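Numbered according to this note's numbering, the sequence shown terminates at residue 416, and the numbering increases by one at each position without gaps. For every residue, glycine included, the Cβ atom is placed at its ideal position computed from N, Cα and C. A quick note: this is a predicted structure, and the numbers were derived from the prediction, not measured.
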Amino acid sequence: MGDPIVLFFLLGVFARLVRSDLRLPEGLYDILAFYLLLAIGLKGGVELSRQPLADVAPQVAACIGLGLVIPFLLVPVLRALRFNRADSASIAGHYGSVSVVTFAVAAAYVEKQGLALEAHAALWVALMEAPGLVTAIFLARWPRQGGETTPWGQLGHDVFLGKSVLLLVGGLIIGAAVGEAGVTAMKSVFVDPFKGVLALFLLELGLVVGDRLPGIRRYGLRLVGFAVIAPIGLSLLGTGVGVALDLSVGGVAVLATLAASASYIAAPTAMRIAVAEADSALAITSALAITFPFNLLVGIPLYTRLARELVG
Numbered sequence: 105m106g107d108p109i110v111l112f113f114l115l116g117v118f119a120r121l122v123r124s125d126l127r128l129p130e131g132l133y134d135i136l137a138f139y140l141l142l143a144i145g146l147k148g149g150v151e152l153s154r155q156p157l158a159d160v161a162p163q164v165a166a167c168i169g170l171g172l173v174i175p176f177l178l179v180p181v182l183r184a185l186r187f188n189r190a191d192s193a194s195i196a197g198h199y200g201s202v203s204v205v206t207f208a209v210a211a212a213y214v215e216k217q218g219l220a221l222e223a224h225a226a227l228w229v230a231l232m233e234a235p236g237l238v239t240a241i242f243l244a245r246w247p248r249q250g251g252e253t254t255p256w257g258q259l260g261h262d263v264f265l266g267k268s269v270l271l272l273v274g275g276l277i278i279g280a281a282v283g284e285a286g287v288t289a290m291k292s293v294f295v296d297p298f299k300g301v302l303a304l305f306l307l308e309l310g311l312v313v314g315d316r317l318p319g320i321r322r323y324g325l326r327l328v329g330f331a332v333i334a335p336i337g338l339s340l341l342g343t344g345v346g347v348a349l350d351l352s353v354g355g356v357a358v359l360a361t362l363a364a365s366a367s368y369i370a371a372p373t374a375m376r377i378a379v380a381e382a383d384s385a386l387a388i389t390s391a392l393a394i395t396f397p398f399n400l401l402v403g404i405p406l407y408t409r410l411a412r413e414l415v416g
């Protein structure tokens, strides 16, 4: 993929591999993440305000259903690969949730390809953020082991009111409330600089991935195989749902990408609270160090080509 924003990611990885002292200023990661979540939410909210509720209701149900189902599909696979119960649920939770940055790159890619994409696609991200986490926690805790209890109150607060969900959903609500006229007044802040901010964020993620690459050897080929094959399988599920919903070519490609993506922002926090006995480094290595670059470099073009074949 010759997209310049992806090249920023590769620059970050390269900098770590050659042991460069390149670092973004401390705290900039959070600022960039906050910006991207709000900007994506605002854009989706503006378009959502134009949509009759009846038109988006099937998509709402399908996205929630996708999030709920994915951990049920992945946990048996992970158990067959000899990961323990807690680690299997934790990894499945990361894949049941979604990556906002992967979504942003996929949306930019289909736009560059000149493909139509539903303008309210950011709504799909918001809907798919949390259901998979809840399912994964259920699979980790049911049947209840050794009298353990799950802190559902704290967990619900952190999942549904955590910074990523709150900023994304908050942006959607604000965008829907003020409409295009309201957001146009902030265009120079939340619209025009978006791709530049996304490029900087990918540079930082490249640095993070470069730090984690040596750790892949610790977990072996079974994790690498899962983190590459699972996204492909999940993308087929997302593609099927997108085709059934009669989405555009770009919409099918982006929904497939969301199904194939893995969270590394909301999921780690939720899993640490609910499944504390799981190896958190295992899940984040799979999601961020393997699946994320795979989707950026191989997955998104692959899912888009499949969408073209089925819909175009």
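Rounded to whole angstroms, Leu272 and Arg189 show a C-alpha spacing of 31 Å. Below 8 Å, enough C-beta pairs join the region 404-412 and the region 202-222 to call them touching: three or more. Distance from the Cα of Glu413 is smallest, within the candidate group Ser365, Ala363 and Leu340, for Leu340. Under a 10 Å Cβ-count criterion, Phe138 is classified as exposed, with fewer than 16 other Cβ atoms of the shown protein chains found around its own Cβ. Its chain contains Leu351, Ser352 and Gly355 as the residues whose beta carbon lies nearer than 7 Å to that of Glu222, once the 5 sequence neighbours on both sides are disregarded; these appear in chain order. With fewer than 16 other CB atoms across the displayed protein chains lying within 10 angstroms of its CB, Ile333 is exposed. Cβ-Cβ distances below 8 Å link Ala387 to Asp191, Ser194, Ile195, Gly197, His198, Ala371, Pro372 and Met375 in the same chain, with the five nearest sequence neighbours on each side left out; the list follows chain order. If you draw a straight line from the Cα of Ala119 to the Cα of Asp296, it is about 28 Å long.
Looking at the backbone, the Cα of Lys147 and that of Phe207 are separated by about 13 Å. Nearest C-alpha to Val312 among Leu178, Pro108 and Leu121: Leu121. With a contact defined as Cβ atoms closer than 8 Å, Tyr323 and Thr389 qualify at about 6 Å.
If you keep only unbroken alpha helix (DSSP H) runs of at least 4 residues inside the region 306-350, you get 320-323 and 325-348. By the neighbour-count definition (other C-beta atoms within 10 Å, threshold 16), Pro235 is a buried residue. Within the same chain, no residue comes within 6 Å of Arg186 by CB-CB distance, once the 5 residues on both sides are set aside. Taking C-beta atoms under 8 Å as the contact rule, Thr343 and Ala210 fail to qualify, at a distance of about 13 Å. For Glu284, the uninterrupted alpha helix (DSSP H) run begins and ends at Lys267 to Thr288, by DSSP. Within the region 353-416, the complete alpha helix (DSSP H) segments at least 4 residues long are 353-364, 370-378, 384-388 and 404-415, listed from N- to C-terminus. Arg183 and Pro397 have their alpha carbons spaced roughly 24 Å apart. Taking 8 Å as the cut-off, the Cβ atoms of Leu276 and Ala225 do not count as close. A straight line joining the alpha-carbon of Leu270 with that of Ala289 spans about 22 Å. Distance between Tyr133 and Ile168, taken at the CA atoms: about 29 Å. In the DSSP annotation of this structure, the continuous segment of the alpha helix (DSSP H) that includes Ser192 starts and ends at Arg189 to Gly200. In the three-state DSSP reduction, Trp246 falls in the coil class, being neither helix nor strand.
Distances from the CA of Val379 to each of Thr239, Lys299 and Glu233 were compared; the closest alpha carbon is that of Thr239. Counting the other CB atoms within 10 Å of its CB gives Ala363 a total of 16 or more, which places it among the buried residues. The alpha carbon of Gly286 has as its nearest neighbour, out of Ser367, Ile336, Val415 and Ser153, the alpha carbon of Ser153. DSSP, reduced to helix, strand and coil, places Ala226 within a helical segment of the structure shown. Taken atom to atom, the span from the alpha-carbon of Val345 to that of Gly329 is near 25 Å. Here the alpha carbons of Leu317 and Leu325 stand approximately 13 Å from one another. With contacts defined as CB atoms closer than 8 Å, Ala393 and Ile320 qualify as a contacting pair. Ranked by how close their Cα comes to the Cα of Gly403, the residues Val415, Leu359, Ala385 and Asp315 have Leu359 in first place.
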